[in-house]
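Before any comments, here is the structure.
2 protein chains.
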Amino acid sequence: MKILPVALDMFGRYGFDGTKTRMIRDAAGVNLQAIPYHFGGKEGLYLATAEYLGDRIDAHVAELRGQIRGRLEQLAAEGLAPSREEAGMLLGSILKKMAAVFVSDESAPWARFLLREQMEPTAAFQIIYGRVMKPMLEVGTRLVGTMLGEDPASEHVRLRMLALIGSMLVFRMANAAVMAQMQWSGAGPAEVERIQALAEELIADLGAKR
Amino acid sequence: MKILPVALDMFGRYGFDGTKTRMIRDAAGVNLQAIPYHFGGKEGLYLATAEYLGDRIDAHVAELRGQIRGRLEQLAAEGLAPSREEAGMLLGSILKKMAAVFVSDESAPWARFLLREQMEPTAAFQIIYGRVMKPMLEVGTRLVGTMLGEDPASEHVRLRMLALIGSMLVFRMANAAVMAQMQWSGAGPAEVERIQALAEELIADLGAKR
DNA sequence: GTCTATAGTCGGATAGAC
DNA sequence: GTCTATCCGACTATAGAC
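Taken in sequence, the protein lines are chains X and Z.
Be aware that the first sequence starts at 82, since it is given in my numbering, and climbs by one per residue.
Be aware that the second sequence starts at 82, since it is given in my numbering, and climbs by one per residue.
Following this line, the structure appears as structure tokens:
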């Protein structure tokens with residue numbers, strides 16, 4: 082089925098109304114009829130696209146998230162909390178994965194789709210928030226709490242976690258401004274590495290606080 | 082002319098294609114004909130909306146930007162550079178203004194319009210980038226350079242500046258996720274204050290580095 | 001400048017043969 | 001399941017009276 086990746090790109094780029102089913106037909110090389118036939122219509126295709134995106138992102142992050150959760154639970158079973166150094170390292174792995182997934186040009190279509198949902202959430206937002214964002218934020222918040230020696234559920238810790246995420250996401254969310262400001266022409270592997278180095282620096286700052 | 086604020090809200094919410102001239106007619110209480118008559122068509126209205134948005138944002142930030150520039154030039158004329166403390170304070174005033182302007186519900190329509198342009202820039206992006214974003218980034222980068230004791234034109238300083246901006250913008254750009262994560266129901270004055278306190282903290286971290 | 005009417009276009013969905 | 005042809009509704013823009 083070639084329709085879903087094409088639809089993801091189109092919906093992300095042009096939005097729901099801006100995307101015409103004929104565009105998808107042409108880009109995917111399928112029949113116009115395939116859309117009502119398989120997905121029950123354009124709207125059904127949109128929701129299916131959101132689930133498809135959830136699958137794709139999960140394929141990238143589920144493993145890392147599971148590893149970190151496993152490590153935290155292993156420590157908890159021994160009655161230990163992670164050291165600040167280890168929490169920083171684990172948090173770094175999350176942010177660096179985020180940089181790789183969300184900043185590289187490859188995932189630009191995903192980010193566009195997500196951003197539209199952020200602005201004017203539809204049913205598709207809940208699908209992806211519950212599946213991808215919320216679990217990641219939950220793990221990240223625990224690590225930030227450890228690093229700051231504060232309750233992970235506190236407002237302060239959640240704010241710091243969001244600030245960290247923002248520091249990464251800005252490179253995708255404000256993409257056009259970033260490219261202009263950094264005088265980059267695109268976000269390839271070299272740019273991802275710069276941003277990952279920045280992530281390490283931000284975490285070091287956070288850890289140096291106390 | 083009630084058309085422009087209405088158009089800003091509509092275009093931001095539903096995008097160019099998703100916004101129908103009939104919606105604007107109804108919400109603004111004008112004649113459908115007024116759009117081709119005054120703006121030369123829907124497309125012309127879109128560009129006029131971008132300029133209108135530039136005006137609105139500038140009305141909020143131009144004064145502050147001018148004050149900071151004035152102070153920097155005054156110091157330069159005396160052959161001095163600002164102290165790290167002063168640079169931090171000035172940078173804080175920028176971030177806090179950003180928080181107030183971009184995080185409050187009042188400017189949500191502006192942010193939606195801007196984000197769409199970030200994702201798929203049109204001619205409207207250049208209008209706003211050149212008028213609002215670039216000058217602000219330029220001033221902010223100088224201040225971050227001072228705080229880090231590094232060349233403001235360096236890639237590192239520009240990255241740190243963007244990270245700071247991201248830490249504020251995430252509260253608007255990832256609005257839906259933030260509201261869910263923080264268990265806020267909207268961004269009123271109380272929430273803006275929390276985010277401004279976060280801004281001070283981030284700047285303190287930056288200053289504490291060296 | 002505003003209103004009504006309408007032209008011209010386009011997009012989503014369906015019918016029905018294959 | 002796919003293709004062609006077609007319908008129906010919706011939208012932007014224009015014409016022309018007031």
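A virtual CB, placed ideally from N, CA and C, is assigned to each residue, including glycine.
Residue i: first and last residue of the uninterrupted alpha helix (DSSP H) it sits in
i: X:Val259; result: Asn256 to Met263
i: X:Phe183; result: No alpha helix (DSSP H) holds X:Phe183; DSSP gives it neither H nor E.
i: X:Ala268; result: Careful: X:Ala268 lies outside any alpha helix (DSSP H) and carries neither H nor E.
DSSP state of residue i mapped onto helix, strand, coil
i: X:Lys178; result: helix
i: X:Met82; result: coil
Rounded C-alpha distance that separates residue i from residue j
i: X:Ser248; j: Z:Gly221; result: 15 angstroms
i: X:Phe120; j: Z:Glu198; result: 30 angstroms
i: Z:Asp186; j: Z:Leu126; result: 24 angstroms
i: X:Ala158; j: X:Lys178; result: 27 angstroms
i: Z:Thr227; j: Z:Ser164; result: 8 angstroms
i: X:Lys123; j: X:Thr102; result: 7 angstroms
i: Z:Val182; j: Z:Trp191; result: 9 angstroms
i: Z:Ala109; j: Z:Arg94; result: 15 angstroms
i: Z:Ala205; j: Z:Ala131; result: 5 angstroms
i: Z:Gly288; j: Z:Asp107; result: 52 angstroms
i: Z:Glu272; j: Z:Leu176; result: 15 angstroms
i: X:Glu274; j: X:Trp265; result: 13 angstroms
i: Z:Tyr118; j: X:Gln207; result: 42 angstroms
i: X:Glu144; j: Z:Glu144; result: 49 angstroms
i: Z:Gly230; j: Z:Gly169; result: 12 angstroms
i: Z:Phe194; j: Z:Gly99; result: 13 angstroms
i: Z:Gly151; j: X:Leu283; result: 31 angstroms
i: X:Leu161; j: X:Glu167; result: 12 angstroms
i: X:Pro86; j: Z:Met214; result: 33 angstroms
i: Z:Ala280; j: X:Ala115; result: 50 angstroms
i: Z:Ala268; j: X:Ile149; result: 32 angstroms
i: X:Ala180; j: Z:Glu154; result: 37 angstroms
i: Z:Ser188; j: Z:Ala140; result: 13 angstroms
i: Z:Arg241; j: X:Leu250; result: 13 angstroms
i: X:Ala234; j: X:Ala88; result: 38 angstroms
i: X:Phe97; j: X:Ala129; result: 13 angstroms
i: X:Ala255; j: Z:Leu156; result: 32 angstroms
i: X:Ser174; j: Z:Val111; result: 54 angstroms
i: Z:Arg212; j: X:Glu236; result: 35 angstroms
Nearest-angstrom beta carbon gap, residue j and residue i [assumed within contact, 8 angstroms]
i: Z:Arg74; j: Z:Val142; result: Beyond the ends of chain Z as shown, which are 82 and 291, falls residue 74 of chain Z; an answer cannot be given.
i: X:Met91; j: X:Met104; result: 6 angstroms
i: Z:Leu171; j: Z:Leu224; result: 6 angstroms
i: X:Arg137; j: X:Pro216; result: Rounded, the Cβ-Cβ distance is 16 angstroms, inconsistent with contact.
i: Z:Arg239; j: X:Gln262; result: 6 angstroms
i: X:Leu243; j: Z:Val259; result: 6 angstroms
i: Z:Asp286; j: X:Asp232; result: In fact, because the Cβ distance is near 20 angstroms, the residues do not count as touching under 8 angstroms.
i: Z:Pro270; j: X:Ala257; result: Not really, about 30 angstroms apart at Cβ, beyond 8 angstroms.
i: Z:Ile84; j: Z:Gly135; result: No, Z:Ile84 and Z:Gly135 are not in contact; Cβ-Cβ is about 17 angstroms, not under 8 angstroms.
i: X:Met200; j: Z:Leu196; result: 6 angstroms
Query - alpha helix (DSSP H) runs wholly inside the stretch 181-261 of chain X, at least 4 long, in chain order - result: Qualifying alpha helix (DSSP H) stretches, in chain order: 189-200, 204-209, 215-229 and 236-254.
Query - Contained alpha helix (DSSP H) runs [length at least 4] in the stretch 87-162 of chain Z, N- to C-terminal order - result: 102-109, 115-120 and 123-158, all fully within the stretch 87-162 of chain Z.
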